[in-house]
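Written out below as structure tokens is the structure these notes cover.
In this note's numbering, the protein residues as written are 33 to 452.
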């Protein structure tokens with residue numbers, strides 16, 4: 033069985049959108065897109081009835097492969113599939129019929145019904161992605177059930193709105209490509225360029241739908257194939273517990289939270305349990321408990337050498353409470369250093385200044401005060417940097433770092449060295 037690079041379900045969906053533009057240019061995707069585009073060029077041969085037949089076949093081939101990309105991504109694989117291997121099941125046929133219906137509504141409704149038709153077209157465009165996605169995680173029956181659409185959109189939340197915005201932008205870009213290349217460009221090469229852009233955007237959009245399913249698989253109740261294979265080859269009690277918790281959470285979120293609370297009290301637990309616990313707390317608005325858990329998990333991550341992951345938890349807690357700060361010097365200090373070296377200047381500034389405010393008599397306070405000065409400089413805040421530097425000199429006049437602080441003040445702001 034071929035090995036595939038796996039995607040991280042924890043990657044934010046906005047990040048998947050940003051890096052997803054490379055997806056149609058990886059693996060077998062560019063070859064497939066190019067082959068379909070060249071096949072569509074056959075439509076230029078002067079044979080009666082050939083154009084419609086070729087475009088139809090090319091269109092079906094494209095959507096069949098794009099849907100396979102959706103499934104492959106939803107199952108946790110980062111690279112495109114080599115070929116469409118599910119072409120014999122009913123979902124592929126249903127997809128083609130749904131896409132035909134969607135395109136027909138988009139074109140005909142505004143023509144025949146004017147503004148009301150345009151609104152109908154927009155509404156259908158909004159639900160078309162969730163219909164397509166439902167084919168993957170619930171099958172044809174769910175894809176045709178409006179109640180499932182509403183439920184799925186509710187579970188996907190703001191990420192679905194972001195997906196719709198990207199797909200709407202892709203449609204506008206495709207329309208612009210048609211106008212510039214096909215309608216007003218050189219007849220053959222312009223049309224070929226348009227088909228290439230349209231096919232690329234189709235694969236990209238279907239990849240994003242799969243990425244959203246993968247990212248939200250827990251709330252959708254969908255188990256990616258890559259995780260199922262891992263569960264069989266590497267049985268994991270915590271994985272089974274998480275599946276059980278997700279099942280319970282559909283009807284009893286507090287009960288599911290209690291199950292995870294007991295597990296986390298037992299000791300070291302995998303990140304998936306912590307992340308799901310935080311999701312459930314946030315769903316219930318239990319923000320004080322979210323912050324308490326953050327303190328505990330951050331300390332455990334730093335102790336385990338996972339400072340980068342700990343910074344993510346700090347940022348999450350900071351979004352809940354802007355005054356949040358790790359509650360120990362051995363946690364807060366190293367995280368400030370890690371954030372500064374990692375280019376996370378605002379987070380480093382928050383941690384460093386917080387360190388000095390909370391533990392002004394600690395031996396590490398001058399170091400983190402100087403770090404805060406440098407972060408102010410890095411963020412283009414010379415006045416704040418100078419004010420803090422003067423305060424540090426007043427508070428720690430005999431500290432060995434006083435000379436460094438004086439040198440920093442003596443250097444003009446534009447030429448200061450701001451690296452930590």
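For every residue, glycine included, the Cβ atom is placed at its ideal position computed from N, Cα and C. Values in this document were obtained by computation on a predicted structure and should not be read as measured data.
Go to residue i, then tell me how far its alpha helix (DSSP H) extends in each direction, as first and last residue.
{"i": "residue 202", "result": "190–209"}
{"i": "residue 391", "result": "No alpha helix (DSSP H) contains residue 391, which DSSP labels as neither H nor E."}
{"i": "residue 316", "result": "Per DSSP, residue 316 belongs to no alpha helix (DSSP H) and is neither H nor E."}
{"i": "residue 300", "result": "First-last for residue 300: undefined, no H or E at that position."}
{"i": "residue 407", "result": "397–410"}
{"i": "residue 435", "result": "434–442"}
{"i": "residue 427", "result": "414–427"}
{"i": "residue 253", "result": "Neither: residue 253 is in no alpha helix (DSSP H) and is coded neither H nor E."}
{"i": "residue 62", "result": "61–72"}
Could you have a look at residue i and say whether DSSP puts it in helix, strand or coil?
{"i": "residue 109", "result": "strand"}
{"i": "residue 279", "result": "helix"}
{"i": "residue 38", "result": "strand"}
{"i": "residue 235", "result": "helix"}
{"i": "residue 168", "result": "helix"}
{"i": "residue 216", "result": "coil"}
{"i": "residue 53", "result": "coil"}
{"i": "residue 377", "result": "helix"}
{"i": "residue 270", "result": "helix"}
{"i": "residue 338", "result": "coil"}
{"i": "residue 450", "result": "For residue 450, the pLDDT reaches just 49, beneath the cut-off of 50, and the residue's location in the model is therefore unreliable, leaving the point undetermined."}
{"i": "residue 355", "result": "coil"}
{"i": "residue 348", "result": "helix"}
{"i": "residue 310", "result": "helix"}
{"i": "residue 363", "result": "helix"}
{"i": "residue 265", "result": "For residue 265, the pLDDT reaches just 47, beneath the cut-off of 50, and the residue's location in the model is therefore unreliable, although a value from the coordinates is still provided. The answer is helix: DSSP assigns residue 265 an H, G or I state."}
{"i": "residue 248", "result": "coil"}
{"i": "residue 96", "result": "helix"}
{"i": "residue 43", "result": "coil"}
{"i": "residue 135", "result": "helix"}
{"i": "residue 431", "result": "coil"}
{"i": "residue 103", "result": "helix"}
Do you know how far the Cα of residue j is from the Cα of residue i?
{"i": "residue 289", "j": "residue 309", "result": "6 angstroms"}
{"i": "residue 266", "j": "residue 298", "result": "Low local confidence applies: a pLDDT of 48 at residue 266 is under 50, so the model's placement there is unreliable, with the coordinate-based value given in what follows. If you take the alpha carbons of residue 266 and residue 298, they lie about 22 angstroms apart."}
{"i": "residue 35", "j": "residue 109", "result": "Residue confidence for residue 35 is low, a pLDDT of 47 falling below 50, so the modelled location carries little weight; the figure read from the coordinates is stated next. Residue 35 and residue 109: Cα-Cα distance of roughly 10 angstroms."}
{"i": "residue 431", "j": "residue 399", "result": "10 angstroms"}
{"i": "residue 387", "j": "residue 359", "result": "9 angstroms"}
{"i": "residue 119", "j": "residue 50", "result": "Its pLDDT being 49, under 50, residue 119 is placed unreliably in this model, and the value from its coordinates should be taken loosely. The straight-line gap from Cα to Cα measures roughly 29 angstroms."}
{"i": "residue 418", "j": "residue 392", "result": "19 angstroms"}
{"i": "residue 331", "j": "residue 259", "result": "28 angstroms"}
{"i": "residue 283", "j": "residue 234", "result": "36 angstroms"}
{"i": "residue 440", "j": "residue 414", "result": "11 angstroms"}
{"i": "residue 38", "j": "residue 45", "result": "16 angstroms"}
{"i": "residue 104", "j": "residue 160", "result": "19 angstroms"}
{"i": "residue 231", "j": "residue 313", "result": "42 angstroms"}
{"i": "residue 401", "j": "residue 368", "result": "11 angstroms"}
{"i": "residue 294", "j": "residue 48", "result": "33 angstroms"}
{"i": "residue 389", "j": "residue 162", "result": "49 angstroms"}
Please look up how many angstroms separate the CB atoms of residue i and residue j, rounded, as I've assumed it's under 8 angstroms.
{"i": "residue 256", "j": "residue 107", "result": "5 angstroms"}
{"i": "residue 274", "j": "residue 244", "result": "Actually they do not touch by this definition, with Cβ atoms about 20 angstroms apart."}
{"i": "residue 180", "j": "residue 166", "result": "6 angstroms"}
{"i": "residue 94", "j": "residue 128", "result": "Wrong, their Cβ atoms sit about 10 angstroms apart, outside the cutoff."}
{"i": "residue 192", "j": "residue 112", "result": "In fact, because the Cβ distance is near 23 angstroms, the residues do not count as touching under 8 angstroms."}
{"i": "residue 383", "j": "residue 371", "result": "6 angstroms"}
{"i": "residue 53", "j": "residue 236", "result": "6 angstroms"}
{"i": "residue 248", "j": "residue 194", "result": "About 12 angstroms; that fails the 8 angstroms criterion."}
{"i": "residue 72", "j": "residue 90", "result": "4 angstroms"}
>> Does the contact criterion of 3 or more C-beta pairs under 8 angstroms hold for the region 69–88 versus the region 197–215?
In response: no
>> Between the region 278–288 and the region 132–142, can you find at least three pairs of beta-carbon atoms closer than 8 angstroms?
In response: no
> If we count Cβ pairs, one from each stretch, closer than 8 angstroms, do we get three or more for the region 401–409 versus the region 420–427?
Replying inline: yes
>> I'd like to know if the region 182–189 and the region 235–242 are in contact, where contact means that at least 3 CB-CB pairs between them fall below 8 angstroms.
In response: no
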